[in-house]
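J.: Residue 39 is where the sequence shown starts when you use our numbering, and the numbers rise one by one after that.
Heads up, the beta-carbon is just placed ideally off N, CA and C, and yes, glycines get one too.
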Amino acid sequence: MTSDSLKYLRHELRGYLNHILGYSEILIDDLKESASSALLADIEKIREEALNLQTVFQRSFYRDSRPRDQLDTALFKRNLFGPLYMIIGMAQRLKKLCQEQGTDYLLEDVLKVLDSARKILELIDQEIRTWEANPRFPQEDTGFMGGTAQGVTPMALKDQNLGRILVVDDNEMNRDILIRHLERQGHQVVAVENGSRCLQVLSEQQFDLVLLDIMMPGLNGYQVLEKLKADARLRELPVIMISALDEMDSVAHCISLGAEDYLPKSFDPILLKARISAIMVKRQYREQEQKYIQALMETQTQLEKELAEAAEYVRGLLPPPFAKPELTAQWIFQPSAKLGGDCFDYHWLDEDRFAVYLLDVSGHGIGAALLSVSVMNVLRAQSLPRAVFHDPSAVLGALNLNFQMENQNNMYFTIWYGVWNQKTRQLTYASAGAPPAILVSPGSACTELATTDLIIGVETDYTYENREVQVPEGARLYLFSDGVYEIRKDNGKMLVFREFVDLLSYQSLDAEKGTTVKAVYDQIQGLAGQDHFEDDFSLLEIAFS
39 MTSDSLKYLR
49 HELRGYLNHI
59 LGYSEILIDD
69 LKESASSALL
79 ADIEKIREEA
89 LNLQTVFQRS
99 FYRDSRPRDQ
109 LDTALFKRNL
119 FGPLYMIIGM
129 AQRLKKLCQE
139 QGTDYLLEDV
149 LKVLDSARKI
159 LELIDQEIRT
169 WEANPRFPQE
179 DTGFMGGTAQ
189 GVTPMALKDQ
199 NLGRILVVDD
209 NEMNRDILIR
219 HLERQGHQVV
229 AVENGSRCLQ
239 VLSEQQFDLV
249 LLDIMMPGLN
259 GYQVLEKLKA
269 DARLRELPVI
279 MISALDEMDS
289 VAHCISLGAE
299 DYLPKSFDPI
309 LLKARISAIM
319 VKRQYREQEQ
329 KYIQALMETQ
339 TQLEKELAEA
349 AEYVRGLLPP
359 PFAKPELTAQ
369 WIFQPSAKLG
379 GDCFDYHWLD
389 EDRFAVYLLD
399 VSGHGIGAAL
409 LSVSVMNVLR
419 AQSLPRAVFH
429 DPSAVLGALN
439 LNFQMENQNN
449 MYFTIWYGVW
459 NQKTRQLTYA
469 SAGAPPAILV
479 SPGSACTELA
489 TTDLIIGVET
499 DYTYENREVQ
509 VPEGARLYLF
519 SDGVYEIRKD
529 NGKMLVFREF
539 VDLLSYQSLD
549 AEKGTTVKAV
559 YDQIQGLAGQ
569 DHFEDDFSLL
579 EIAFS
């Protein structure tokens with residue numbers, strides 16, 4: 039890892055850690071006046087783990103208060119991930135507690151803590167994995183012109199520093215001298231005697247460089263330069279101004295107009311070669327940069343195509359909506375441009391018990407989508423080891439055992455899993471860090487079906503608990519991911535969870551026999567004032583007869 043990349047990593051990590059410490063301290067101060075001991079204890083635990091991270095950073099990046107020039111990445115990751123995963127898990131738990139207890143005024147700071155912890159995880163994954171995958175890169179800083187970085191270097195370009203040059207000078211002898219010097223150096227040269235002819239030739243032919251005299255009859259060098267820089271097709275063409283010694287004051291003006299360099303008319307051939315070679319090197323870098331940009335754009339286009347295909351693949355795996363005498367199921371799934379990790383399913387386990395769940399994998403992209411599909415497949419095929427599929431807590435425990443973060447590229451997921459018994463009308467459910475499901479009963483308030491259990495993949499031996507609720511006739515059950523309500527409204531403010539629940543309740547009671555999912559989606563889209571959201575939008579409705 040180069041010293042620059044190590045310095046960057048040190049700087050960025052320190053910033054995110056300071057965010058976690060700062061917001062946790064603010065939350066502690068806010069909660070000292072509150073009676074919520076559970077929230078305060080969790081925040082204090084987050085701060086404690088953040089201080090542990092601070093110690094890890096100090097020992098990893100400094101020796102005797104001086105910055106280290108190397109990083110033991112294996113040891114660093116081993117010491118870092120324990121406190122970091124605990125912070126993420128506790129922040130997820132706090133997020134649910136805030137929603138459950140109606141302390142939405144704390145939620146924004148909790149989300150900032152969670153976001154900073156995730157940014158640390160992403161930064162470590164990006165910087166260290168990149169370096170570990172490419173250890174052949176040099177460890178010392180060489181600089182852009184040093185010739186040891188990737189890409190085309192000046193050494194590789196030394197035989198390519200020849201170009202097509204236009205010489206513009208009203209003095210025939212000056213033109214001849216320049217032509218001869220340049221041709222001896224291997225350049226192709228075209229010479230013209232005035233500014234008007236210069237502009238005409240440039241409109242017809244391509245050149246790599248213009249040598250332009252300042253003092254000429256007709257259009258002088260200033261005017262030609264201004265016209266070149268005003269032309270979108272020619273403004274990137276480098277221009278070296280040629281000036282007599284007594285015109286040096288005006289050279290500064292030319293540079294301000296966009297000239298690349300200048301040469302006195304009593305020029306030294308060695309200096310001429312050096313100046314032109316430097317410009318040709320820049321040209322090569324510009325061309326290489328354009329190739330990189332083009333390749334990047336093509337890669338981005340291909341990635342967007344693959345993400346769109348992956349989104350359609352996920353959509354194709356989702357269960358079809360259905361209407362049965364005992365219940366109906368409707369949903370809306372709108373993947374984000376980045377493709378998140380949302381997935382859901384429902385099916386009959388036997389003639390009496392109906393299972394339904396929704397999961398959300400951390401992060402975005404094909405990796406998150408693949409993990410969500412893998413989880414859905416083992417649940418759908420009932421091939422999950424040690425799982426009792428009519429027991430939600432047992433299902434979550436088996437998922438937690440089989441999908442630990444360290445085995446899933448540091449990805450974790452949340453899930454709400456419920457089983458409804460149509461004979462007893464009892465719904466048994468368990469949740470791992472997921473948003474609470476909402477049960478809307480006819481003529482009554484919404485019931486939030488939530489637990490405070492940890493996300494899947496953090497602690498191997500974590501025990502999940504079941505909760506139960508009776509489902510009255512005509513009730514509606516809603517499952518959703520946090521991308522449904524964690525949106526920024528067009529007025530710049532965040533939509534809070536309570537607003538979403540009120541919206542859902544209103545639409546459900548107003549819908550009577552019809553589905554509400556499309557109406558809810560349209561209303562939230564209107565609040566956001568945009569066609570797409572930053573995260574997947576997944577909303578599932580089960581209407582009971």
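Ignore the nearest five residues each way along the sequence and tell me which others in E497's own chain have a CB closer than 8 Å to its CB.
T.: If you number the sequence shown from 1, residue 497 lands on position 459. Taken in chain order, the residues that qualify are G127, N438.
J.: Which residue comes first and which comes last in the beta strand (DSSP E) that contains Q508?
T.: Residue numbering aside, residue 508 sits at position 470 when the sequence shown is read from its first letter. Element bounds for Q508: 505-508.
J.: Using only the alpha-carbon positions, how far apart do W369 and P363 sit?
T.: Reading the sequence shown from its first residue, position 331 is the one you call residue 369. Reading the sequence shown from its first residue, position 325 is the one you call residue 363. A straight-line Cα-Cα distance of about 18 Å links W369 and P363.
J.: Could you pull out every unbroken beta strand (DSSP E) segment of at least 3 residues lying fully inside the segment 236-292, listed in chain order?
T.: Runs of the beta strand (DSSP E) lying entirely within the segment 236-292, each at least 3 residues long, are 247-251, 277-281 in chain order.
J.: Tell me, which residues are paired with L387 by DSSP?
T.: By 1-based counting over the sequence shown, the position of residue 387 is 349. BP columns for L387 are empty, so no partner.
J.: Less than 7 Å between the C-beta atoms of V534 and Q545, yes or no?
T.: Translated into the one-based positions of the sequence shown, residue 534 becomes position 496. Translated into the one-based positions of the sequence shown, residue 545 becomes position 507. Taking 7 Å as the Cβ cut-off, V534 and Q545 do not qualify as a contacting pair.
J.: DSSP state of G36, grouped into three classes?
T.: What the structure shows of the chain is the stretch from 39 to 583, and residue 36 is not part of that stretch, so it cannot be assessed.
J.: Taking 6 Å as the limit between beta carbons, can you name the residues of its chain near R213, skipping five residues before and five after?
T.: Here residue 213 corresponds to residue number 175 of the sequence shown, with the count starting at 1. These residues qualify, in order along the chain: V205, D207, A229.
J.: Just verifying my parser: in three-state terms, what is the DSSP assignment at T339?
T.: On the sequence shown, residue 339 is found 301 positions in, with the first residue counted as 1. In this structure, T339 counts as helix in the three-state DSSP scheme.
J.: Mind checking G456: buried by the 16 CB within 10 Å criterion, or exposed?
T.: Counting from one through the sequence shown, the residue named residue 456 turns up at place 418. So G456 counts as buried.
J.: Run through the segment 420-455 for me and flag every whole beta strand (DSSP E) of 3 or more residues, listed as ranges in chain order.
T.: none
J.: On a Cα-Cα basis, can you pick out the residue from I562, C484, D573 that is closest to D520?
T.: Taking the sequence shown and counting its residues from 1, one reaches residue 520 at position 482. Checked all of I562, C484, D573; the closest Cα to D520 is D573.
J.: Under a three-way DSSP split, which group does T462 fall into?
T.: Taking the first residue of the sequence shown as 1, we reach residue 462 at position 424. Looking at T462 - three-state DSSP - the assignment turns out to be coil, as it is neither helix nor strand.
J.: Quick check on the burial criterion: 16 or more other C-beta atoms within 10 angstroms. Buried or exposed for L380?
T.: Taking the first residue of the sequence shown as 1, we reach residue 380 at position 342. The sequence as given places Asp at residue 380; Leu does not occur at that position. Buried, by the Cβ-count rule.
J.: Curious, which full-length alpha helix (DSSP H) runs of at least 4 residues does the segment 512-574 contain?
T.: 535-549, 555-566
J.: Considering only DSSP beta bridges, list what D299 is partnered with.
T.: Along the sequence shown, one-based indexing puts residue 299 at 261. Note: D299 sits in a beta bridge opposite I278.
J.: Do you know offhand how far E506's Cα is from Y467's?
T.: In the sequence shown, the residue the question calls residue 506 occupies position 468. In the sequence shown, the residue the question calls residue 467 occupies position 429. Roughly 6 Å separates the two Cα atoms.
J.: Do you know how far the Cα of L250 is from the Cα of E327?
T.: In the sequence shown, residue 327 corresponds to position 289, counting from 1. In the sequence shown, residue 250 corresponds to position 212, counting from 1. Between E327 and L250, the C-alpha separation is close to 27 Å.
J.: Applying the criterion that 16 or more other CB atoms from any shown protein chain within 10 Å of the CB defines a buried residue, is E524 buried or exposed?
T.: Taking the sequence shown and counting its residues from 1, the one referred to as residue 524 is at position 486. Answer is buried; the Cβ neighbour count reaches 16.
J.: Measure the CB-CB distance between K150 and Y54 and report whether it falls below 7 Å.
T.: Residue numbering aside, residue 150 sits at position 112 when the sequence shown is read from its first letter. Residue numbering aside, residue 54 sits at position 16 when the sequence shown is read from its first letter. The answer is no: Cβ separation not under 7 Å.
J.: Have a look at L515 and D142 and give me their C-alpha separation to the nearest angstrom.
T.: In the sequence shown, counting from the first residue as 1, residue 515 sits at position 477. In the sequence shown, counting from the first residue as 1, residue 142 sits at position 104. When rounded, the distance between both Cα atoms is 23 Å.
J.: Drop a sphere of 10 angstroms on the beta-carbon of Y260, count the other beta-carbons inside from all chains shown, and report buried for 16 or more, exposed for fewer.
T.: The residue given as residue 260 occupies position 222 in the sequence shown. Y260 comes out buried.
J.: With DSSP run on the structure shown, which of helix, strand or coil describes G401?
T.: Numbered from its first residue, the sequence shown carries residue 401 at position 363. Coil, per DSSP.
J.: Going by C-alpha distance, which of M253, A155, K267 is nearest S281?
T.: The sequence position of residue 281 within the sequence shown is 243, counting from 1. When each option's Cα is compared against that of S281, the closest is M253.
J.: Name the DSSP beta bridge partners of V228, please?
T.: Walking along the sequence shown from the start, residue 228 turns up at place 190. Per DSSP, L204.
J.: So, at 6 Å on beta carbons, what are the nonlocal neighbours of L152 in its own chain, with the 5 sequence-adjacent residues on each side left out?
T.: Numbered from 1 along the sequence shown, position 114 holds the residue referred to as residue 152. Here the set comprises A129.
J.: How many Å lie between R131 and A76 at the Cα?
T.: One-based indexing of the sequence shown puts residue 131 at position 93. One-based indexing of the sequence shown puts residue 76 at position 38. When rounded, the distance between both Cα atoms is 10 Å.
J.: Taking all protein chains shown into account, decide if L309 is buried (16 or more other Cβ within 10 angstroms of its Cβ) or exposed.
T.: Position 271 of the sequence shown, counted from the first residue, corresponds to residue 309. L309 comes out exposed.
J.: Is it right to say S593 is buried, meaning 16 or more other beta carbons lie within 10 angstroms of its own, or is it exposed?
T.: Nothing about residue 593 can be reported from this structure: the residues present for the chain run from 39 to 583 only.
J.: Hey, could you find the ends of the beta strand (DSSP E) Q368 is sitting in?
T.: As a working note, residue 368 is residue 330 in the sequence shown. For Q368, the enclosing beta strand (DSSP E) has its first and last residue at 365-372.
J.: Buried or exposed: which applies to S421, given that a residue is buried once 16 or more other Cβ atoms fall within 10 Å of its Cβ?
T.: For the purposes of this step, residue 421 is identified with residue 383 of the sequence shown, where counting begins at 1. Exposed.
J.: Kindly list the residues whose CB is nearer than 7 Å to the CB of E221, restricted to its own chain and excluding five residues on each side of it in sequence; keep chain order.
T.: In the sequence shown, residue 221 corresponds to position 183, counting from 1. Closer than 7 Å at the Cβ level, and outside the excluded window around E221, lie V227.
J.: Buried or exposed, going by whether 16 or more other CB atoms sit within 10 Å of the CB of N447?
T.: For the purposes of this step, residue 447 is taken as residue 409 along the sequence shown, with counting starting at 1. Burial check for N447: the Cβ neighbour count within 10 Å stays below 16, so the residue is exposed.
J.: Given this structure, state the Cα-to-Cα distance separating L465 from L492, to the nearest angstrom.
T.: If you number the sequence shown from 1, residue 465 lands on position 427. If you number the sequence shown from 1, residue 492 lands on position 454. Taking the straight line from one Cα to the other gives about 21 Å.
J.: Spell out the partners DSSP gives C484 in its beta bridges.
T.: Translated into the one-based positions of the sequence shown, residue 484 becomes position 446. DSSP lists V478 as partners of C484.
J.: By DSSP's criteria, S469 is part of a beta bridge. Which residues make up the other side?
T.: If you number the sequence shown from 1, residue 469 lands on position 431. Partner(s): W454.
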